Structure formats: structure tokens, C-alpha cells
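Visitor: Structure below; questions to follow.
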Amino acid sequence: MYKLRPYQQSAVDETIKHFQREKSPAVIVLPTGAGKSLVIAELARVARGRVLVMAHVKELVEQNHSKYESYDLKAGIFSAGLNRKDISEKVIFGSIQSIANADEDFFQEFSLLVIDECHRVSMEGETQYFQVITKLKHANPDICILGLTATPYRLGQGWIYNYNAHKEDMRTTEERFFKKCIYDLSLGFMIKNKFLTPPIKIDSPVACYDFSSLKLTNDRYSLKEIESVLKDQKRITPVIIGNIIEMAVDRKGVMIFTSSVAHAREILGLLPIGSALVTGETEISERDEIIHDFKLQKIKYLVNVSVLTTGFDAPHVDVIAILRPTESVSLYQQIIGRGLRLSPGKTDCLILDYTGVGHDIFSPEIDEDKPTENSVTVDVICPQCGHHNDFWGLVEDGEVVEHYGRRCKGAFEDPVTMEVEMCGYRFRFKRCDQCGAENDIAARVCTSCQHLLVDNDTKLKEAMSLKDAHIMKPDTMTFTKAYDKKGNERVEIRYYDYDGEFLSEMFYINTPEDARAFYFNFTRMHNRTPEKNITINNASDVIKNENHFRLPMFVIARKQKYYWEIREKIF
14 MYKLRPYQQS AVDETIKHFQ REKSPAVIVL PTGAGKSLVI AELARVARGR
64 VLVMAHVKEL VEQNHSKYES YDLKAGIFSA GLNRKDISEK VIFGSIQSIA
114 NADEDFFQEF SLLVIDECHR VSMEGETQYF QVITKLKHAN PDICILGLTA
164 TPYRLGQGWI YNYNAHKEDM RTTEERFFKK CIYDLSLGFM IKNKFLTPPI
214 KIDSPVACYD FSSLKLTNDR YSLKEIESVL KDQKRITPVI IGNIIEMAVD
264 RKGVMIFTSS VAHAREILGL LPIGSALVTG ETEISERDEI IHDFKLQKIK
314 YLVNVSVLTT GFDAPHVDVI AILRPTESVS LYQQIIGRGL RLSPGKTDCL
364 ILDYTGVGHD IFSPEIDEDK PTENSVTVDV ICPQCGHHND FWGLVEDGEV
414 VEHYGRRCKG AFEDPVTMEV EMCGYRFRFK RCDQCGAEND IAARVCTSCQ
464 HLLVDNDTKL KEAMSLKDAH IMKPDTMTFT KAYDKKGNER VEIRYYDYDG
514 EFLSEMFYIN TPEDARAFYF NFTRMHNRTP EKNITINNAS DVIKNENHFR
564 LPMFVIARKQ KYYWEIREKI F
């Protein structure tokens, strides 16, 4: 019989607790190697009705079933690829392709559906997942649906669920099939507690491809563009493969992830005799034989093209070589995960990255595009609810000097109604000129009074159409203490463009009312880290904190009789 690790038991407990309270589809996030088969086994054991465990490839079906039965438990298989279509057992492991074509009788009496690699689930249109889930819910409207994945992120969509109950974080407010993530275990936790092998990442060991010219289209890189880049840099490939061979001298298993079939064949020709290649074009029987020999360590170097990122279990792998650009942190971590399972005599796994893309092994997924080349993931605490947010930001000398977060992602579940309410704090906002309410910077309509908000592009176009308007794209911003004719202190802020022309604005900060006005008219918009309070009581305080203020993208001014008056700043 098996024994659950503490985190596995927690995952099971959270699942039971969730489905006792509600029947909304839920997700458990467990890194590769966390032992999800044990979680599945325990859930199947305690389930009152029948259990269907579904995966997208036969290898994963066979792997999950084999591990389940190794715990002295019995289960059936429903997969044409494995030549079995059992229907009577309490627990069935099956492939989505075969189950989608099953007779109507098959779908009766299931109380729990477990979907492995659930980030692949799409409910848009007549997908096989949609068909199967519809049939199961028709047979039992109260069926519990649980998804398991190491990477709860789908290219082109983003997060696959709405609310992370484990971290009290609202991932997205858009419609999702999975409503909640009820347990979320990080890769860092697994490595720190020695449940996984420590990765040793070596960026560009000797040379690397330059993929900087590639642009994402619908969250994917174009294969044609990748092949063009590789063709131009063909001379680098032999150097890279030579380095891989050198680094892997004392290693047992090497997996090489490539960009295309042509690239993979070129690489295979540079590797020692006896190395192997697996692509989507490889015959199933041949692929099974290659993988079998690789697991038995008859093959040391295994080259693959996008077919072994999930559902592949070879614990002896101790070198991962990445020669393909990865579109997301999730995909990158999937690839790394192939080498992190524990194995006798294995002390670490070398991660050789020849792409120059620079994903972080431990970084959380952020669904916004990276705003600048030097942006990194930063932890930003909400001043209103205390939630820890993952945003893109800039770090200097270990300090977060600026971030690009717009709204706190913190959200809290009512224990009685199970309703989820988001924290309302906005780091960046667009203020309604009618009611003063704060709105998302991309909002078109005020959420408070429904007033139509003017977007930045429209503001710029309107300003360009006016004869008395001046639009500046500032390059620098300066702060100077000055005095008016009566000797009253004030601060002058100038915005200079590349030609040395400037626009300026003056602020008096001599009373508490002045300081409050400066906060709303300047500090709140310009603060690089709006969750941190900047105390401003006079002009000297402004100058002292000038490095904490961000430069606007555009400044719009209108011509007065003798000067230009700044009316709008766009960030």
C-alpha cells in the first residue's frame, strides 16, 4: 500500500473539502515529479462512485494506470492505442480520443472526472473535451470535475482558471471552465524540500542562438521564422552540440529540445552514433521502442521536437539542453521538469540553455507581456489588503524601483456564500472626469457612473487636431525649487524633449491642503511604486524623492496668452 506525503494529503483534503461545499470544476497544480498518481489513487479510493481518469496521450494513460495498480489497486483502461476498452471497473483510465467515441452507456455512474494535463482542455466549440464533459454531466449533473497540471496556463488564453483559493489570487475575470485552483504547489518548494532534483542552469555555456528578432503571433513563434533564424546561424550548431557532449561526459541521460524537424535532424547528425530522434512524424511503434530503450539507458542522447514536454517519465535524465525558443515560462518549466525527478545516484540536473531567451526556472507565470527588456518578476504588496502580487518591474541594487502592475490581484472567498470578491486597490488608474472614480487604464466606460471615458489614442488625436495644443514626448524630467515674486516657495517640474524644448508646471506646497493637492495632481500618477507612500510636505521633499517619480510617455499642453499650460499627461 502507499503512503501520502504531507503535501499530497493536503491536496486530497482540499479536493474533498471543495466538492463537499460546491461542484464547480477545480484545479490542483503539482509540479512534475510531485506524485500526482498518488493523489489520483487516494481520491479514487475514497470516491463513493465511479472515477474516470482522462489523459490526452496513451503513454500518460498507461503510466497513470501502471502506477495506480502498483499500489495494489485494480483499475480498467479505455484506450484504443493500448488495445483495451474496459468499462465495468470502478476506476477507468482512458484517452480523450477513445472516450469521445465511446457508446452512451460508457458515461453512466461516474461521480468524479480527473483530467490529467488539464491545461490542454478547451471548451470552445465542439472539442472532444467538450463532448465528453457534456455527456458525463448529462448522465450525472452533479459530477465532480478535477484537473491536474504542472502548468495552469494555456497559450493564447492565459490562466486556465479564475481564482486561486490557495493563494487568494484572482488570475482572470474572463470566463473559464475551471473556476478555482484549490491547491498550488511551487517548484521551489519541491526542490527546497528535496522532493525533486536541484537544477543547475547554465545560460549560453559557449555560444547561443540569437532569437531576438522573433515576434510572438497569437502567443506563438512562427516555425518559418525560427527556421530562417537557424539557417542564418547554422555555423553555431556544431559548437553547441560539441559543448553538450563535453558537458554530458559523466551524465546518464540527455534530452535535447529542438525547434523543428530539420533542426533536430541536423543535431542528430552531430551526436554520437546510437543517439535517437523523436518527432510528431515518428511511427508510434518506433517511438515506443526508442523511449523504451532510452529509459533502459541503452540510448544516452534523445532529441525531440515538441513531443516529450508532458507525460514522459524517465527519472535518470540529468541533462536538459534547450535549443528552441519557448513562448512562455510554463512551457519552459515543463521542459525543465523532464529532468527533475529523483533517481538513485542522481544529485542534480544540468540545464543547458542555448536560446538567450532567459526564462526563470522558478518564476511565476505573468499573463501580461513583458513591458521592457530589463523587466523582472517582482513581489508587490498591496497597501490595502496586504496581498503579495507578482508583477513585471525594475530592480536596482535589490530594490524594486518601479513596477507595471495595474490592480491588486488579491481576492477573498466568503466562507458562507462561496462568492469571491476582488480587492479594489488600483496601482495605476484612469480617473473619470465626471465623478472622479478610479478605473482601469484601459477602461472605455466609467464603472461608477457609466460616463464614456476618452482613451489615450483619442486624446492624442484630438490634441493634434487643435491649433493651440502642443504634444511632447519627453526624454527627461527635472525638479527645481523656486520662489514667486512674493517669496512663496514652489517647485517647478520641467519636461524636456530630445531637442531640448521644455514644458513646465508649478506647484505650491506650503500648507497641508497644498500637499494633498500635490498628491492627487502629481504623486499618485507619477509614483513608480504606488503602493509605497512618499511623504511630501514641501518643495525640498519633492526634490529629495525625484528618483521615485516616473516620466510620462506624452505631455499635452494648451496655449494660454503668454505660456503653455499642461493639461494632460499620458503614461
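Just so you know, we're using my numbering here: the sequence shown kicks off at 14 and counts up by one.
A virtual CB, placed ideally from N, CA and C, is assigned to each residue, including glycine.
Remember, it's a predicted structure, so these values are computed and weren't measured experimentally.
Starting from the C-beta of C221, find all residues in its chain whose C-beta is less than 8 Å away, skip the five residues before and the five after it, and write them out in chain order.
Guide: By one-based count along the sequence shown, residue 221 stands at place 208. Hits under 8 Å: I249, I253, D366, Y367, T368, G369.
Visitor: Spatial neighbours of D527 within its chain, please: C-beta separation below 6 Å, excluding the five flanking residues on both sides.
Guide: Looking up residue 527 in the sequence shown gives position 514. If we look at D527 and ignore the five residues flanking it on each side, its Cβ neighbours are Y521.
Visitor: Any idea which residues DSSP pairs G406 with across the strands?
Guide: Residue numbering aside, residue 406 sits at position 393 when the sequence shown is read from its first letter. Answer is V389, H416, bridged to G406.
Visitor: Where in the segment 441-503 do unbroken runs of the alpha helix (DSSP H), each at least 4 residues long, occur, reported from the N-terminal end onward?
Guide: Qualifying alpha helix (DSSP H) stretches, in chain order: 469-477.
Visitor: Work out the CA separation of P251 and R354 for me, nearest whole Å.
Guide: Here residue 354 refers to the residue found at position 341 of the sequence shown. Here residue 251 refers to the residue found at position 238 of the sequence shown. Rounded to whole angstroms, R354 to P251 spans 29 Å at the Cα level.
Visitor: Under a Cβ-count criterion, where at least 16 other Cβ atoms within 10 Å of its own Cβ denotes burial, should N501 be classed as buried or exposed?
Guide: Locating residue 501 in the sequence shown gives position 488, where the first residue counts as 1. Counting Cβ neighbours within 10 Å, N501 comes out exposed, since fewer than 16 surround it.
Visitor: Taking K383 as the reference, give the member of K214, K228, H132 with the closest Cα.
Guide: Reading the sequence shown from its first residue, position 370 is the one you call residue 383. Considering only alpha carbons, the answer is K228.
Visitor: Quick one: residues in its chain with C-beta nearer than 6 Å to the C-beta of T489, no 5 flanking neighbours on either side, listed in chain order?
Guide: Here residue 489 is taken as the residue at index 476 of the sequence shown, counted from 1. So the qualifying residues of the chain are Y509.
Visitor: What does the alpha-carbon distance come out to for the pair L200 and L43?
Guide: Counting from one through the sequence shown, the residue named residue 200 turns up at place 187. Counting from one through the sequence shown, the residue named residue 43 turns up at place 30. Going from the Cα of L200 to the Cα of L43 covers about 8 Å.
Visitor: With C-beta atoms as the reference, is C436 less than 8 Å away from G418?
Guide: Here residue 436 is taken as the residue at index 423 of the sequence shown, counted from 1. Here residue 418 is taken as the residue at index 405 of the sequence shown, counted from 1. No, the pair does not count as a contact, with Cβ atoms beyond the cut-off.
Visitor: Between the C-alpha atoms of Q346 and I374, what's the straight-line distance to the nearest angstrom?
Guide: As a first step, residue 346 must be located in the sequence shown, where it is residue number 333. As a first step, residue 374 must be located in the sequence shown, where it is residue number 361. Approximately 6 Å between the Cα atoms of the pair.
Visitor: Counting only the same chain and skipping the five closest in sequence on each side, list residues whose C-beta sits under 8 Å from that of M431.
Guide: Your numbering for residue 431 matches position 418 in the sequence shown. Contacts found: R34, E35.
Visitor: Going by beta carbon distance, what residues of the same chain come within less than 8 Å of K192, once the five residues before and after it are set aside?
Guide: To locate residue 192, count along the sequence shown from 1; it is residue 179. So the qualifying residues of the chain are S37, P38, A39, Y174, N175, Y176.
Visitor: Quick check on DSSP: helix, strand or coil for F531?
Guide: As a position in the sequence shown, residue 531 is number 518, starting the count at 1. In this structure, F531 counts as helix in the three-state DSSP scheme.
Visitor: Using a Cβ-Cβ cut-off of 7 Å (strictly less than) and excluding sequence neighbours within five positions of F190, which residues of its own chain qualify?
Guide: Here residue 190 refers to the residue found at position 177 of the sequence shown. If we look at F190 and ignore the five residues flanking it on each side, its Cβ neighbours are P38, V134, M136.
Visitor: Using only CA atoms, which one of L321, V291, D263 lies nearest to A275?
Guide: By one-based count along the sequence shown, residue 275 stands at place 262. The option with the nearest alpha carbon to A275 is V291.
Visitor: Can you grab the Cα-Cα spacing for the pair M67 / Y84, in whole Å?
Guide: As a working note, residue 67 is residue 54 in the sequence shown. As a working note, residue 84 is residue 71 in the sequence shown. Their Cα atoms are separated by approximately 19 Å.
Visitor: Please confirm whether V74 and E55 have their CB atoms less than 8 Å apart.
Guide: As a first step, residue 74 is located in the sequence shown; it is residue number 61 there, counting from the start. As a first step, residue 55 is located in the sequence shown; it is residue number 42 there, counting from the start. Contact: no.
Visitor: If you drop the 5 nearest sequence neighbours on each side, which residues of the same chain put their C-beta closer than 8 Å to that of H329?
Guide: The count along the sequence shown starts at 1 and reaches residue 329 at position 316. Contacts found: K265, G266, K308, Q310, S356, K359.
Visitor: Please state whether DSSP places A39 in a helix, a strand or coil.
Guide: As a first step, residue 39 must be located in the sequence shown, where it is residue number 26. Looking at A39 - three-state DSSP - the assignment turns out to be strand.
Visitor: I need the boundaries of the alpha helix (DSSP H) containing M6, first residue and last residue.
Guide: As displayed, the chain neither begins before 14 nor continues past 584, which places residue 6 out of reach and without an answer.
Visitor: Kindly identify the DSSP beta-bridge partner or partners of M435.
Guide: Counting from one through the sequence shown, the residue named residue 435 turns up at place 422. Paired residue(s): A424.
Visitor: Counting C-beta neighbours from all protein chains within 10 Å, is the total for S341 16 or more, i.e. buried, or is it exposed?
Guide: Taking the first residue of the sequence shown as 1, we reach residue 341 at position 328. Per the 10 Å Cβ criterion, buried.
Visitor: For E559, which residues from the same chain have a beta carbon less than 6 Å from its beta carbon, with the 5 sequence-adjacent residues on both sides left out?
Guide: The residue you call residue 559 lines up with position 546 of the sequence shown. Closer than 6 Å at the Cβ level, and outside the excluded window around E559, lie F492.
Visitor: Contact between the segment 544-558 and the segment 471-479: three or more CB pairs below 8 Å?
Guide: Contact between the segment 544-558 and the segment 471-479 is absent, because fewer than three Cβ pairs lie under 8 Å.
Visitor: When the Cα of R337 is compared with those of I258, D301, V408, L243, which residue comes out closest?
Guide: Taking the first residue of the sequence shown as position 1, residue 337 is located at position 324. The shortest Cα separation from R337 among I258, D301, V408, L243 belongs to L243.
Visitor: Who are the near neighbours of V332 in its chain, counting only those whose CB is closer than 6 Å to its CB and skipping five residues on each side?
Guide: Here residue 332 refers to the residue found at position 319 when the sequence shown is read from its first residue. The residues are A261, R264, V267, L363.
Visitor: Are the CB atoms of F119 and I100 nearer to each other than 8 Å?
Guide: Sequence index remark: in the sequence shown, residue 119 carries index 106 (1-based). Sequence index remark: in the sequence shown, residue 100 carries index 87 (1-based). A contact, by the Cβ cut-off of 8 Å.
Visitor: Which residues share a DSSP beta bridge with P212?
Guide: Start at 1 with the first residue of the sequence shown, and residue 212 comes out as number 199. Bridge partners of P212: C362.
Visitor: Does the distance from the CB of E187 to the CB of T162 come in under 8 Å?
Guide: Counting from 1 along the sequence shown, the entry for residue 187 is found at position 174. Counting from 1 along the sequence shown, the entry for residue 162 is found at position 149. In this structure, T162 does not lie closer than 8 Å to E187 by Cβ.
Visitor: Leaving out five residues before and five after A476 in sequence, what residues of the same chain have Cβ atoms less than 7 Å from its Cβ?
Guide: If you number the sequence shown from 1, residue 476 lands on position 463. Around A476: A482, I484, I569.
Visitor: Based on Cα-Cα distance, which residue from D245, V555, E82 lies nearest to F106?
Guide: Mapped onto the sequence shown, residue 106 falls at position 93. The shortest Cα separation from F106 among D245, V555, E82 belongs to E82.
Visitor: For N317, write down the residues that DSSP places opposite it in a beta bridge.
Guide: Within the sequence shown, residue 317 is the residue found at index 304, counting from 1. Paired residues: F270, V291.
Visitor: Looking at the C-beta of N560, does it have a partner C-beta in chain D at a distance below 8 Å?
Guide: Included in the structure is just one protein chain, with no chain D present.
Visitor: Just checking my contact of L126 with I156 at CB under 8 Å: how many whole Å lie between their CB atoms?
Guide: Here the question's residue 126 lines up with position 113 in the sequence shown. Here the question's residue 156 lines up with position 143 in the sequence shown. Correct: roughly 6 Å between the Cβ atoms.
Visitor: In the DSSP assignment, what are the bridge partners of L161?
Guide: Within the sequence shown, numbered from 1, the residue matching residue 161 stands at position 148. DSSP output for L161 lists I41, D129 as bridge partner(s).
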